[in-house]
């Protein structure tokens, strides 16, 4: 198990650590981090969404499992928003993105490589289905919410234009249409999407490292500790309970990898959106950092169940 973890975990920490080191050396500054994020948001994310959804075997997904996991994400999202907004008095946009950090995990770069090494393809299909659902529902709805909030003082048509011209949303729509129509894409175009989309998460991790190097305080505050605990402990317990309830009281053995996803660290999508919608990352970045460290234990436990 340690060998499998090192396969996925070391690159994650190495990419972020490299960004942190080069940020401390002032080779890269905050402006560079913003530029990297803009490139990912406008170019890499649409490509990643199109490729992943176009290749996703949606007809083979277990929708009862997805419904149970989706409920756990919604509950985590609402808890994160409520605590951030009404206890720690953060802005609406930051509260939403902290809620997103609790709901979405780093399943593409963290959980999936581990599961590919340990389990059969039938079990990793569960992870693929959750990633697909997260892109279609959680991520896309958050994008729409951020567009609405960021344009709240502008005319209504400006908000609508921002939503329908949002590159990741366009990518999600195109990928879904391709998947549902069984359209076969040229191998060269798929290769382009794979390489372009594959840079999204590493680039965000590198940018995250740069931003952390410029933050004066990354020590765990009450907010960061509470969110890290909720993400790594409450989420897998809640997911297990809801899924087991929907399946008649016993957790389905063929969907144990869903618990690995729930026990994984916060994904970097919340960080990407914060940077692109001019929301402070002073709290979001440490949440991602500390959940990544703590998930070494939680994902290991979930994988051995």
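Residue numbers (my numbering): 3 to 307.
We put the CB at the ideal spot given by N, CA and C, even for glycine.
Rounded C-alpha distance that separates residue i from residue j
i, j, result
"residue 277", "residue 77", "25 Å"
"residue 51", "residue 168", "13 Å"
"residue 113", "residue 73", "20 Å"
"residue 91", "residue 84", "9 Å"
"residue 47", "residue 242", "30 Å"
"residue 136", "residue 216", "31 Å"
"residue 246", "residue 236", "15 Å"
"residue 93", "residue 186", "44 Å"
"residue 27", "residue 109", "31 Å"
"residue 49", "residue 193", "11 Å"
"residue 53", "residue 119", "22 Å"
"residue 184", "residue 117", "27 Å"
"residue 150", "residue 161", "6 Å"
"residue 30", "residue 204", "16 Å"
"residue 58", "residue 68", "14 Å"
"residue 100", "residue 282", "11 Å"
"residue 61", "residue 253", "22 Å"
"residue 248", "residue 86", "30 Å"
"residue 299", "residue 230", "13 Å"
"residue 106", "residue 240", "14 Å"
"residue 131", "residue 208", "27 Å"
"residue 263", "residue 64", "16 Å"
"residue 80", "residue 98", "9 Å"
"residue 164", "residue 23", "36 Å"
Rounded distance between the beta-carbons of residue j and residue i, thought under 8 Å
i, j, result
"residue 140", "residue 75", "6 Å"
"residue 266", "residue 286", "No, residue 266 and residue 286 are not in contact; Cβ-Cβ is about 16 Å, not under 8 Å."
"residue 257", "residue 126", "The pair is not a contact, with the Cβ atoms about 11 Å apart (cut-off 8 Å)."
"residue 290", "residue 103", "7 Å"
"residue 70", "residue 234", "Actually they do not touch by this definition, with Cβ atoms about 19 Å apart."
"residue 301", "residue 206", "Their Cβ separation, rounded to whole angstroms, is 20 Å, which puts residue 301 and residue 206 out of contact at 8 Å."
Boundaries (first-last residue) of the alpha helix (DSSP H) holding residue i
i, result
"residue 47", "47-57"
"residue 284", "It is not in any alpha helix (DSSP H) - residue 284 carries neither H nor E in the DSSP assignment."
"residue 213", "202-216"
"residue 142", "142-152"
"residue 27", "Counting along the chain, residue 27 falls outside any alpha helix (DSSP H), and DSSP gives it neither H nor E."
"residue 118", "114-120"
"residue 222", "Residue 222 -> no alpha helix (DSSP H), and no H or E assigned at all."
"residue 235", "That residue, residue 235, is in no alpha helix (DSSP H); it is neither H nor E in DSSP."
"residue 181", "169-183"
"residue 32", "32-41"
"residue 250", "Counting along the chain, residue 250 falls outside any alpha helix (DSSP H), and DSSP gives it neither H nor E."
"residue 88", "Taken as a continuous stretch (DSSP letters only), residue 88 belongs to no alpha helix (DSSP H), as it is neither H nor E."
"residue 158", "158-166"
Beta-bridge pairing of residue i - partner residues as DSSP gives them
i, result
"residue 302", "For residue 302, which the question treats as bridged, DSSP gives no partner whatsoever."
"residue 230", "None; residue 230 has no bridge partner."
"residue 268", "107"
| message | Assess contact between the stretch 164-184 and the stretch 206-217, defined as three or more Cβ pairs (one per stretch) separated by less than 8 Å. Is contact present? | response | no
| Would you say the stretch 39-48 touches the stretch 276-293, given that touching needs at least three Cβ pairs under 8 Å? | yes
| Is the number of C-beta pairs between the stretch 296-305 and the stretch 134-153 that are closer than 8 Å three or more? | no
| message | With a threshold of 8 Å, are at least 3 pairs of Cβ atoms found where one atom belongs to the stretch 225-237 and the other to the stretch 29-38? | response | no
| message | Does the contact criterion of 3 or more C-beta pairs under 8 Å hold for the stretch 185-202 versus the stretch 11-27? | response | no
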